[in-house]
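My numbering puts the first residue of the sequence shown at 7, with every later residue one more than the last.
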Amino acid sequence: MEIKVLGPLTAHEHGVSLVPSAAKPRQILALLALQGDHVVTVPTLMEEIWGQNVPRSAATTLQTYILQLRRKIAVALDGDPVRNAKEVLVTQHGGYLLQIQPGQVDVQEFEQLALSGRGAYDAHDYAAASALLGKALAVWQGPALVDVPVGGVLELEVLRLEEDRMACLERRIDADLKLGRHTEVVPELCFLAARNPMHENFCAQLMTALHCSGSSWRALEAYQRLREALVGELGIEPSARLQQLQHAVLSGDVNLGQSLTATG
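Have a look at this one:
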């Protein structure tokens with residue numbers, strides 16, 4: 007089985023798609039995949055599908071959705087002498103479990119690469135960190151579950167995944183800055199800072215990259231844009247770290263790239 011949730015939802019077994027067209031069974035498949043090899047309780051599934059407005063027929067309807075998914079799996083497993091649909095989508099006490107082997111869901115690949123990248127970064131092997139974190143980010147094919155309507159449970163999962171992706175991206179850029187790739191990352195950071203005008207880490211990285219590539223005045227402009235956004239939207243000044251970074255740019259600190267990157 008191969009399942010992708012970091013982008014559009016796809017799931018294949020023996021080359022046959024397991025993804026139903028109806029919205030609620032898609033939600034169930036996505037949630038079971040994200041919790042692969044762990045039981046998802048019936049109340050959790052009901053909360054995802056119906057929120058606080060669970061109908062009286064919810065238990066029967068949920069069983070119908072599970073049956074629809076098992077039929078899709080059965081078609082894909084046709085002729086498989088080892089497994090049947092009930093052994094893939096398993097009924098457990100109080101819930102359901104999707105039997106998934108390690109590496110069959112793209113989230114697992116992303117998390118393993120990101121973990122290895124963080125380890126390389128902590129070991130000061132910035133070239134390996136940049137490569138591994140870049141591979142982790144390349145697993146993403148778009149926003150997580152971009153084509154699946156999400157309820158309260160999946161919404162939290164999607165938020166967690168996006169936070170993990172952003173942390174991975176920040177650290178990969180940090181590794182590139184440590185490697186002296188200041189000019190190379192400027193275009194990417196200009197885009198990220200524009201998309202996230204109150205994101206201090208992206209601003210700090212952009213300021214560092216610009217200053218170290220000979221555009222200190224642009225670094226100061228980036229700080230000013232961040233300050234205007236923070237003051238205008240939230241009524242607060244940039245953090246002490248960002249103010250320290252501004253002073254370092256103003257003073258022409260030649261060691262800025264090594265001393266004041268976002269996660270350093």
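The beta-carbon is built from N, C-alpha and C at its ideal position, and this holds for glycine as well.
Along the beta strand (DSSP E) that carries residue i, what are the first and last residues, could you check?
i	result
Gln107	Note, Gln107: premise wrong, no beta strand (DSSP E); not H, not E.
Ala98	Looking at the sequence shown, residue 98 is not Ala but Gln. Residues 95-98.
His18	16-19
Classify residue i as buried or exposed, calling it buried when 16 or more other Cβ atoms lie within 10 Å of its own Cβ.
i	result
Thr214	buried
Trp146	buried
Tyr229	buried
Thr267	Low confidence applies here, because Thr267 scores a pLDDT of 46, under 50, leaving its location unreliable; read the following figure in that light. It counts as buried.
Gln33	buried
Arg171	buried
Gly42	buried
Asn207	buried
Leu284	In the structure displayed, the chain extends from 7 to 270; residue 284 sits before or after that span and is not available.
Arg177	buried
Ala150	buried
Val113	buried
Leu256	exposed
Pick helix, strand or coil for residue i, following the three-state DSSP scheme.
i	result
Gln147	coil
Glu168	helix
Ala268	Because Ala268 carries a pLDDT of 42, less than 50, the predicted location of this residue cannot be relied on, and the following value inherits that uncertainty. Ala268: coil per DSSP, three-state reduction.
Ala225	helix
Gly57	coil
Val81	helix
Val46	strand
Val152	coil
Val22	strand
Leu101	A small correction: the amino acid at residue 101 is Gly; Leu does not occupy that position in the sequence shown. Strand, per DSSP.
Leu256	helix
Where do the N-terminal and C-terminal ends of the alpha helix (DSSP H) with residue i fall, by residue?
i	result
Val192	188-201
His217	206-218
Glu243	Glu243 -> no alpha helix (DSSP H), and no H or E assigned at all.
Ala28	Taken as a continuous stretch (DSSP letters only), Ala28 belongs to no alpha helix (DSSP H), as it is neither H nor E.
Ala120	112-128
Taking 7 Å as the limit between beta carbons, can you name the residues of its chain near residue i, skipping five residues before and five after?
i	result
Leu75	Pro26, Pro31, Ile34, Leu35, Leu95
Ile79	Glu19, Leu24, Ala91, Val94, Leu95
Val48	Leu68, Gly100, Gly101
Leu175	Leu143
Gly270	Note that Gly270 has pLDDT 41, beneath the 50 cutoff, so the model's placement of it is unreliable and the number below is only indicative. Here the set comprises Asp180.
Leaving out five residues before and five after residue i in sequence, what residues of the same chain have Cβ atoms less than 8 Å from its Cβ?
i	result
Lys92	Arg76
Pro61	Thr67
Ser63	none
Excluding the 5 residues preceding and the 5 following residue i in the sequence, name in chain order all residues of the same chain whose CB lies nearer than 6 Å to its CB.
i	result
Ile106	Gly42, Asp43
Ala135	Gly123, Ala126, Tyr127, Ala181
Quiz item: Should the stretch 48-67 be called in touch with the stretch 152-164, which here means at least 3 C-beta pairs below 8 Å?
Solution: yes
Quiz item: Using 8 Å as the Cβ pair cut-off and three pairs as the minimum, do the stretch 29-48 and the stretch 124-135 touch?
Solution: Output reads no: the stretch 124-135 does not touch the stretch 29-48.
Practice problem: May I ask you to verify whether the stretch 65-72 touches the stretch 184-200, counting CB pairs closer than 8 Å and requiring at least 3? | Solution: Counting Cβ pairs under 8 Å, fewer than three are found: no touch.
Quiz prompt | Segment contact flag, the stretch 86-99 with the stretch 190-200, C-beta cutoff 8 Å, min 3 pairs | solution = no
Quiz item: Do the stretch 236-243 and the stretch 216-223 touch if we need at least three Cβ pairs shorter than 8 Å?
Solution: no
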